[in-house]
Amino acid sequence: MRKGRETLLTLLEAFVYDPLIDWTIGGEVLAGSTFGNIPSINNIKQSRKELEKEITISMFNVRCTEIRTEWNENKADILKEIEGIQGKLQEWLEKDKVISSEEDALQDLHQQMALVKEAEAHGTNKHSLYALPARFDTYHKTKDSLKNAQYDLKSLLSECEKQLQAYTDSLATIEGPEFLNWLMELKAAFREDSVNVFDLVKEFLHNAGKDDMVTQCEESENEIAQLAQHQNASIQKCLQFLQEYKTLINQCPKVYQETHRTYMYLKWLSYMLDTESVTACDMVYENLHNFLDSTNISKHTLNFMVSLDTFYKDTIAHVNKLYEELSVNSTDIQTLDKLYSTARAGISTFLNCEKNADKAFEFVIASELLVLNRNFLTLETAAHRSGDWLIKLTSRDGDWFLDDLVLNGSRAVELINNLPLPHSEDHMLFYQIFNCVRISNNIYKGLHELYFNFHTIILPESMKKIQSEDFSLLQIISDLNKLLMSVGISIPDMIGQMVKKILPCVLMQMEMNSSYDFVLERVSILKGGFSTLVNGPTDALTPGKMLLMGFNGLFEKLSMEWNNLINALGVINLPNSWKKIDQVKDAKNISLHVCNPKVRSILEDIFLLKRLQAISDFFNLSHEMCQSFKGISSVAYSDDQLLKPIRQFIADFISKQLLGITTEHIAYIVCYLLQDLGFDVVEEVEQKDIGAESKVPADDLYHKAGNIFLKQGLFSQNALSQASTLESNLKHAWIKIQETKKLQQKITLLQSTQLRLHNQITIENFMYEEILATFNLYSPVRSKFILDLKNEFNTLQIINEKLGQAVEKQGLLIESAHQRLNWAKGANPEVGEISSAFDNSVKIRDNQLKTLENISARILRISGIILRHELLRSHCIESKALDKTFVNGFEKWRMACQYKSVKSDVLTPTEESIMSLLTKELVEDPDWLGKISEKITTLIANAQDKLTDERGNLFSIYDALFFKVQILKTYYNTHCRLMADVKNLVKSMTKIENYATSTQQFIVEYRSYIENFSTVFQKFKREHKADDVMDIIKLLAYVQENTVKIYDDLLGLETTGKKKWVVRQDGVYLSPGRNVAPQKQDSMTMKGQQRNAYAISVWRRVKMKLEGRDPDPSRKYSAQEQVDYVIREATSLDNLALLYEGWTPWV
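Residue numbers (the numbering used here): 2 to 1148.
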């Protein structure tokens, strides 16, 4: 009993605490069938395989709990040791490099010795080596000249690098949040409620009889306040100038920065130092000559500037002309709106007061629609006949045809909206037809909006980004062009085949040739590629992507309206007789069968291609024009040329899809109105002799209907005349409003062009001011900026100096006031409060001045850097000084390179090494060769000693490295031992559904991890080269990078597929004292929850108890410690309630 009491006590405690254990498979008997309302064996059949899965997971969790502490310690040990080995490997590489260098030096010394011995064997003056003393002076002069010239170039190179870096940092500061913070700090530093420093002590000083000091304090305070205000104003002016400068710089192409003197000199200096040849110097000289001679740039810049200036002046003249027209012919919008409202009110009164007024007014509207539709149809017919020249079709006033189409469509919608027809099912057909007219007019408006938004938003923004070489937009343009080229056929060819071959086949219901599938396939590829380009996932929306999305969105909005129109057309059921009306037939003659699904699909593809063509053409035109800002061309496109791609799209959209739809349905509206008034249009058309053209004139029907209505007394002639007059007044007011809006839109478009051209001219003046100044064709943008900033820079410096002197002078007054306050503290306690308030006031004022001083110093520094940078672009003292420095350094370097190239072919490398050992004393010594031999012998001995020491050091490093590797192997073995405890369990978990994916992934990663670990030990051997060490470093880096993940992932498998296990038996949980009624559970839905997980958890606890891990799972307790723990817990009164509760269900 004593011998086995540990096991006995462990099991006893397990059953004392956990009496409801079910050891059958799936927990099917006894407690499971008796207590807790758990279904019996008849309801639950849990297979042995499921229990094995549960046991596997539980075993894995137990093992993870057991090894967790040691596992994490092993992870830390491995990481620490890998870091130490990496350090030693780096030491080994550095030492190996030193040894290689020493070996090369020793080999060179041996070659020198061999050459000396060879010369000694030949005899005096019988070997070329004896000529070295005679060439000593020449050799060292060459070396010294090259060294001095190199020093000058490197000094200038370093200075250029510093200037460019300072300039780059300054621009980043202006563009960054710090710039905005300065403005906020300036605003906070000067509040209106700020108190003067000496206000608190004036009364005290006056009472002390120091009126003269009070006067001095007031004068000092006023002086500092004024200087601080001047300083604040000057700082804000500098900030404004810098912000304007940044705005200009952001619109310049990158080549503008790359052609700056400092940048060019930096590039040339680096090139000359790298090559050290006369050829390189000559190339640099040629580039310098081209840089200073700007003849070609002058020609392109002048032509481009003249073109921009011409466009700008023409635009201004046109804008002024429109303003004159607006002032002469137009009335104030508010007046027109009032006139329009008055006309509508008159119609409303007429309809409410006159008998049959609604019928008369409806008949007048029909008349207006008939006349309007005739003119509208004439315009659409002209557009249809224009064909490819539709893009140039204009009205007699010079307006593009789209404006008239929009105006006529809007007028038709306005007239129909004025009809006094109620919204009821009786007029369902009318509102279906009207919906088609309204949507078609929305499409015309959408096309006009596309043109307007493109002109005022897309065009100027695209030009700005392309001319500044915004990478995101240039990448979009490049990707779009690559997409269009990738299909192997041009867009015009695809459009031509679809319009001339595929579309006719669909319209005539002919079978298409199989060769057309290639075109349709290419279109599908383009559609998918463009969708990816626009909507593809990106980390962040770049400016280029946003611009493309906005551009494409204009077309998408149009496509949505077109789909709405097609849907609206498909629901109308019209009488066939109406389709014989002349206006209907004329409209149908110029329209396509857009409601045919196949035709619609082909048209969608065609206009997708036309959209891509328009976007691509515009971007390419803009890119070509913006090359002129670099001075390499003089291409300048007018607005008409830049707008042509969009105008072409709009013209094609209207001619191929939209023509005839609006006018056809306006004619249907007229027919409906006549029918609604009581005129049987269907019967009249059927009885009418329609003639050879098979169409009935709408005018004849209208006049006949009018006569019938008057005879029938439907309305009187007086009512008809009154209705006509009221409608005429409303029409006049509406047209005046539209004319005014039209003029205002024209002005807006031209002002957008004017602003864009003004910005482009400003940028051109800024970049090429000196070139344009020679032709008297410039405005001083850069020189004005430099002058303004320089003046404000000098002003701010002077203010800072005066303010510093004033503050220093005031400091004496403050110190004097402090002394008097301190003297008076003892006699009057209230003075102490005054003194504290005075100190606080001085501190606040000092902080404000310190803020100003800090901001002022930063502004002065940035302004000075930018001033110097911009001054170096022009012909001034600073730029001439830099040019002179560069040219002097260049000439010295070229002479040195030339001298070196002449002399370098005389001496071999070994002779040069011997020459470096010669001194002036040896040159004059007859036995110089023997002494050189002694020198070389000494150097060889020293090199050999040093090499021996270094090899010894390398061996020591290797020993330390080998020792660390052995320690790592020990940790690795520990890792393998710990992993062996769970390896089989992990493999078993790959077959469990919830754990399979994560476990399989872990196994793959772990296998790669172990392979790298093993390779490290295989590669580590006594003799290895630098390449082997580099491989080991890479392997260790991989192991180090993945160690934490491997170790954490193994422990993470424990919770990957974990479910919510039951933690207490139902018998205990539902004891009478709980006062909770058991709920009836469905056996199927609760099957997963009713598994005997509790029995498994108890089994796990018993197993841990048998292994001595009950008190603390992280370590195994001895037998005596376990016995003591069990007895202590069993006899503890704290556990009495647990014992009672555990046995309660059995009572």
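Note that the Cβ used here is the ideal one computed from N, Cα and C, for glycine as well.
Buried/exposed call for residue i, threshold 16 Cβ in 10 Å
{"i": "V117", "result": "buried"}
{"i": "H624", "result": "buried"}
{"i": "C596", "result": "exposed"}
{"i": "M185", "result": "exposed"}
{"i": "N418", "result": "exposed"}
{"i": "P646", "result": "buried"}
{"i": "V329", "result": "exposed"}
{"i": "K885", "result": "exposed"}
{"i": "P1079", "result": "The pLDDT assigned to P1079 is 40, lower than 50, so where the model puts this residue is not dependable, and the model offers no usable value."}
{"i": "V1045", "result": "exposed"}
{"i": "S1133", "result": "exposed"}
{"i": "Y324", "result": "exposed"}
{"i": "K46", "result": "Model confidence at K46 stands at a pLDDT of 43, short of 50, so the residue's coordinates are unreliable and nothing is read from them."}
{"i": "I1128", "result": "exposed"}
{"i": "K465", "result": "buried"}
{"i": "H111", "result": "exposed"}
{"i": "H424", "result": "exposed"}
Residue range of the alpha helix (DSSP H) that includes residue i
{"i": "K465", "result": "460-468"}
{"i": "L622", "result": "598-627"}
{"i": "I507", "result": "Checking the sequence, you will find Val at residue 507 rather than Ile. Segment 504-508, the alpha helix (DSSP H) holding V507."}
{"i": "Q658", "result": "Unbroken run through Q658: none, as it is neither H nor E."}
{"i": "F377", "result": "358-387"}
{"i": "I477", "result": "472-487"}
{"i": "M495", "result": "492-498"}
{"i": "D1125", "result": "1120-1131"}
{"i": "N353", "result": "334-354"}
Among the options, nearest to residue i - alpha-carbon criterion
{"i": "D701", "options": "Q584, H759, V595", "result": "Q584"}
{"i": "L566", "options": "N321, K1020, T663", "result": "T663"}
{"i": "Y257", "options": "V983, K970, E871", "result": "E871"}
{"i": "T559", "options": "K446, L484, I417, L460", "result": "The question names Thr, but residue 559 in the sequence shown is Leu. Closest by alpha carbon: K446."}
{"i": "M265", "options": "K247, S278, N288", "result": "N288"}
{"i": "E522", "options": "L534, M499, P544, R783", "result": "M499"}
{"i": "L715", "options": "A361, F620, K932, N73", "result": "A361"}
{"i": "I787", "options": "K743, R757, Y779, G865", "result": "G865"}
{"i": "C977", "options": "E53, S59, W72", "result": "W72"}
{"i": "Q87", "options": "Y1048, H319, F519, L962", "result": "L962"}
{"i": "N577", "options": "E687, I1128, L110", "result": "E687"}
{"i": "Y703", "options": "Q723, Q676, S695", "result": "Q676"}
{"i": "V843", "options": "A858, L814, K502", "result": "L814"}
{"i": "R439", "options": "A281, H666, S221, L508", "result": "H666"}
{"i": "Q468", "options": "T939, K851, I764", "result": "I764"}
Beta-carbon spacing of residue i, residue j below 8 Å
{"i": "Y669", "j": "I366", "result": "no"}
{"i": "V671", "j": "L370", "result": "yes"}
{"i": "Q658", "j": "L593", "result": "yes"}
{"i": "E793", "j": "V782", "result": "no"}
{"i": "L352", "j": "P461", "result": "no"}
{"i": "A346", "j": "L373", "result": "no"}
{"i": "L430", "j": "Y673", "result": "yes"}
{"i": "I392", "j": "Q649", "result": "yes"}
{"i": "L773", "j": "T302", "result": "yes"}
{"i": "V320", "j": "I762", "result": "no"}
{"i": "N1013", "j": "Y1039", "result": "yes"}
{"i": "T741", "j": "L337", "result": "yes"}
{"i": "I175", "j": "L249", "result": "no"}
{"i": "N954", "j": "K96", "result": "yes"}
C-beta neighbour in chain C for residue i, strict 8 Å
{"i": "Q811", "result": "In the displayed structure, chain C is absent; only one protein chain is listed."}
For this session: Kindly provide the ranges of any alpha helix (DSSP H) runs that are 4 or more residues long and lie completely inside the segment 692-760, ordered along the chain.
Result: 699-713
For this session: At 4 residues or longer, and completely inside the segment 247-316: list those alpha helix (DSSP H) runs for me, N to C.
Result: 255-259, 262-276, 279-293
Exercise. What runs of the beta strand (DSSP E), each 3 residues or longer, lie entirely inside the segment 529-556?
Worked result: none
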